[in-house]
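Enquirer: Here's a structure for you.
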Amino acid sequence: MSTATTTATRKVHLIVERQDGPNSSPYKEEFVVDYKPGMNVIACLMAIQRNPVNKSGKRVAPVTWEMNCLEEICGACMMVINGKPRQACTALVDTLEQPIRVSPARTFPVVRDLVVDRSRMFEALKKVKAWIPIDGTYDLGPGPRMPEVDRQWAYELSRCFTCGACVEACPNVNDRNSFIGPFAISQARLFNAHPTGAMHREERLEALMGEGGIQECGNAQNCVQVCPKGIPLTTSIAAMNRQVTYHAIGAWLHK
Amino acid sequence: MAKAQSHAEFILRRLHTLAGVVPVGLFLIEHLLTNATATDGAAAFNQAVAAIQSIPLLHFVEFFFIFLPLTYHAIFGLYVAFVSGYNSGQYSWRRNLMFTLQRITGIITFVFIIYHLATTRFSGNAPTYNMVHQLVSNPAYFWFMIVGIVASTFHFANGLWSFCIHWGITVGQRAQRITAWVSMVVFVVLAGIGVDALIAFTHPA
Ligand code: SF4
Numbered sequence: 001m002s003t004a005t006t007t008a009t010r011k012v013h014l015i016v017e018r019q020d021g022p023n024s025s026p027y028k029e030e031f032v033v034d035y036k037p038g039m040n041v042i043a044c045l046m047a048i049q050r051n052p053v054n055k056s057g058k059r060v061a062p063v064t065w066e067m068n069c070l071e072e073i074c075g076a077c078m079m080v081i082n083g084k085p086r087q088a089c090t091a092l093v094d095t096l097e098q099p100i101r102v103s104p105a106r107t108f109p110v111v112r113d114l115v116v117d118r119s120r121m122f123e124a125l126k127k128v129k130a131w132i133p134i135d136g137t138y139d140l141g142p143g144p145r146m147p148e149v150d151r152q153w154a155y156e157l158s159r160c161f162t163c164g165a166c167v168e169a170c171p172n173v174n175d176r177n178s179f180i181g182p183f184a185i186s187q188a189r190l191f192n193a194h195p196t197g198a199m200h201r202e203e204r205l206e207a208l209m210g211e212g213g214i215q216e217c218g219n220a221q222n223c224v225q226v227c228p229k230g231i232p233l234t235t236s237i238a239a240m241n242r243q244v245t246y247h248a249i250g251a252w253l254h255k
Numbered sequence: 001m002a003k004a005q006s007h008a009e010f011i012l013r014r015l016h017t018l019a020g021v022v023p024v025g026l027f028l029i030e031h032l033l034t035n036a037t038a039t040d041g042a043a044a045f046n047q048a049v050a051a052i053q054s055i056p057l058l059h060f061v062e063f064f065f066i067f068l069p070l071t072y073h074a075i076f077g078l079y080v081a082f083v084s085g086y087n088s089g090q091y092s093w094r095r096n097l098m099f100t101l102q103r104i105t106g107i108i109t110f111v112f113i114i115y116h117l118a119t120t121r122f123s124g125n126a127p128t129y130n131m132v133h134q135l136v137s138n139p140a141y142f143w144f145m146i147v148g149i150v151a152s153t154f155h156f157a158n159g160l161w162s163f164c165i166h167w168g169i170t171v172g173q174r175a176q177r178i179t180a181w182v183s184m185v186v187f188v189v190l191a192g193i194g195v196d197a198l199i200a201f202t203h204p205a
């Protein structure tokens, strides 16, 4: 009985930055939820959803957010927690300073509360052709093999789950700048490294030299600090700078 | 083939980083070394100035290799500073602080160079040891020069680090870490040379 009381009295204090709709103004709302061992920020948000009562005891609309895999594989639950963009699923309450401040990644348009619209990332991936075209009217047969040494680092890049943490932290992704974001450059590198993808290498380099392309990177290197998958984004950007430099000079000398 | 994309922004950006190193950065080094001759006395400095004055087609060289690239780097740099975001308060990692500092020192250098040119190159006075001595005898001008030298040498040295990434020279993390150290050594050495020369100018001829 006494242990039950002590665990029940441990609380988690959250300050959530909310927004009712895409055009409404944001406001802060505080919540206090019961602590459970090993809980993460998602568990706190679920507790709020079950009992949507704020700190001052007022019944409010439950907080909305996105989530899916709950094991840092899908990228959906990226939000700004205590000032840093990260996945809410791996943000363990035990490791966080309280009150825990949760806000949406405002580099993206906010849909509601912590839900943001990340379609600009999809647009960026389309722009740099972050895929390998293999469709044809007949069977093209097996493609060339990839050397194991390249596969190893390319695998690291393939772990990007388009969470948008790097886009949120990048100072050059802002409303005065059309920068596509660090992840898209890294994905262009991934598909350029693939033996079949390399057949469309020039198209990706042309896109990277286009509007909002690689030239907008100012080397603040926040991206590599916040990427939850530990992707070497700054190495990818520099590697693509090299490819683009060769391509630009080469293309110019060929004209 | 991909449909034709505008590469204007790409080219302008790359020219901006290039101009910052060649020729503007090289000129900065040359300028600091000329000034450093002041540490050997007024005669040595005046002699170094005379050597520069003897360069054939000096006005042509000055215009195409200094003024034009410098103006481009400065004006486009203001645009770069304007379209950059600043979040080193929220993300105070070293590189992000340097990113902010690079833009702040750029703007300080911009203001500094305009005033510096107005009081020297375009002041109508002959570029002699005495002219500089008169200027730096004013403590306010002296300290303004110190700020300008520190800001411009930092901007150049840190810009070298960035240049190496923009052109795809330093790709890996280790390479970038090493050039970061090298660039700070360059900063300290160049700032030291500049400040040392400035102090030398405070002594009457
Ligand atoms: S590169 Fe990293 S931080 Fe950026 S979207 Fe991919 S997983 Fe997220």
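Sequences listed follow chains A and Z, in order.
Using full-length UniProt numbering, read the first sequence as starting at 1 and increasing by one per residue.
Using full-length UniProt numbering, read the second sequence as starting at 1 and increasing by one per residue.
Ideal placement from N, C-alpha and C gives every residue a C-beta, glycine not left out.
For clarity, every value in this text was computed on a predicted model and none was experimentally measured.
#1: Could you tell me if the beta carbon of Z/S137 falls within a distance shorter than 7 Å of some heavy atom in the ligand SF4?
#2: In the DSSP assignment, find the alpha helix (DSSP H) that holds A/Q87 and state where it starts and stops.
#3: Could you list the residues in the region 68-96 of chain Z with a C-beta less than 9 Å from some C-beta on chain B, going in chain order?
#4: With burial defined as no fewer than 16 other Cβ atoms inside 10 Å of the residue's Cβ, what is the status of A/L125: buried or exposed?
#5: On the DSSP letters alone, give me the boundaries of the beta strand (DSSP E) that A/R101 sits inside.
#6: Starting from the N-terminal side, write out each stretch of the alpha helix (DSSP H) that is 4 residues or longer and does not extend beyond the region 138-226 of chain A.
#7: Checking contacts by CB at 8 Å: is Z/H7 closer than that to chain A?
#8: Could you work out which residues of chain Z lie near A/Q87, taking near to mean beta carbons separated by less than 9 Å?
#9: Once you ignore the five residues that flank A/L92 on each side, which residues in its own chain have a CB closer than 6 Å to its CB?
#10: Counting only the same chain and skipping the five closest in sequence on each side, list residues whose C-beta sits under 8 Å from that of residue 215 of chain Z.
#11: Spatial neighbours of A/E203 within its chain, please: CB distance less than 6 Å, with the 5 preceding and 5 following residues excluded, ordered by chain position.
#12: Answer yes if the region 75-95 of chain Z comes into contact with the region 134-146 of chain Z, meaning at least three C-beta pairs across the two stretches below 8 Å, and no otherwise.
#13: My output table needs one value for A/E29: the three-state DSSP class, helix, strand or coil.
#14: Say the cut is 7 Å; is the CB of A/A239 nearer than that to a heavy atom of the ligand SF4?
#15: DSSP beta-bridge partners for A/H13?
#16: Quick check on Z/H166 - is its C-beta less than 8 Å from some C-beta in chain A?
#17: Could you compute how far the alpha carbon of A/M1 sits from the alpha carbon of A/R10?
#18: Please tell me whether, using a cut-off of 7 Å, the distance from the CB of Z/F156 to the nearest non-hydrogen atom of the ligand SF4 is below it.
#19: Do we get a CB-CB distance below 8 Å when we pair A/Q221 with the residues of chain Z?
#20: Would you report the Cα separation of Z/F27 and A/T235, rounded to the nearest angstrom?
#21: Assuming A/G213 contacts A/A220 (C-beta within less than 8 Å), just tell me the rounded distance between them.
#22: Exposed or buried, which one is A/A65 when buried takes at least 16 other CB atoms within 10 Å?
#23: Between A/A154 and the rest of its own chain, which residues show a CB-CB distance below 8 Å, the 5 nearest in sequence each way excluded?
#24: Which residues does DSSP pair with A/M79 in a beta bridge?
#25: When the Cα of A/F122 is compared with those of A/W131, A/K28, A/R151, which residue comes out closest?
#26: So, for A/G143: in the same chain, excluding its five sequence neighbours on each side, which residues have a beta-carbon less than 8 Å away from its beta-carbon?
#27: Within a Cβ cutoff of 8 Å, which residues of the same chain sit near A/T162, ignoring the five residues on either side of it in sequence?
#28: Near A/V33, which residues of its chain fall below 6 Å by C-beta distance, leaving aside the five closest residues on each side in sequence?
#29: If the criterion is Cβ atoms closer than 8 Å, does the pair A/P85 and A/A165 meet it?
#30: Does A/E211 come within less than 8 Å of chain Z when only Cβ atoms are used?
#31: Tell me, please, whether the CB atom of Z/A2 is closer than 8 Å to any CB atom in chain A?
#32: Report the three-state DSSP secondary structure of Z/N130 (helix, strand or coil).
Expert: Taking the definition as stated:
#1: no
#2: Taken as a continuous stretch (DSSP letters only), A/Q87 belongs to no alpha helix (DSSP H), being part of the beta strand (DSSP E) at 84-87.
#3: The structure shown has no chain B; the protein chains it does contain are A and Z.
#4: buried
#5: First-last of the beta strand (DSSP E) with A/R101: 100-103.
#6: 148-158, 165-169, 182-193, 201-208, 222-226
#7: yes
#8: Ordered by position in chain Z, no residue passes the 9 Å Cβ test against A/Q87, which lies about 17 Å from the chain.
#9: N40
#10: Since the first and last residues shown for chain Z are 1 and 205, residue 215 of chain Z lies out of range.
#11: Correct list, in chain order: K129.
#12: no
#13: strand
#14: A/A239 has its Cβ no nearer than 7 Å to any heavy atom of the ligand SF4.
#15: According to DSSP, residue pairing for A/H13 in a beta bridge involves A/V32.
#16: yes
#17: Note that A/M1 scores 45 on pLDDT, short of 50, meaning its location in the model is unreliable and no value can be drawn from it.
#18: no
#19: For A/Q221, the nearest beta carbon of chain Z is closer than 8 Å to its own beta carbon.
#20: Z/F27 and A/T235: Cα-Cα distance of roughly 31 Å.
#21: Not really, about 17 Å apart at Cβ, beyond 8 Å.
#22: Checking the displayed sequence, the identity of residue 65 of chain A turns out to be Trp instead of Ala. By the 10 Å Cβ count, A/W65 comes out buried.
#23: Cβ neighbours of A/A154 beyond the five flanking positions: M146, L190, A193, H194.
#24: A/R86
#25: A/W131
#26: I134, P195, T196
#27: Within the same chain, A/T162 has close Cβ partners G75, R118, M121, F122, L125, F183.
#28: V12, C44, A47
#29: yes
#30: It does; some Cβ of chain Z falls within 8 Å.
#31: In this prediction, Z/A2 scores a pLDDT of 45, lower than 50, which makes its location untrustworthy; the coordinate-derived value is nonetheless stated afterwards. So yes, Z/A2 belongs to the interface.
#32: helix
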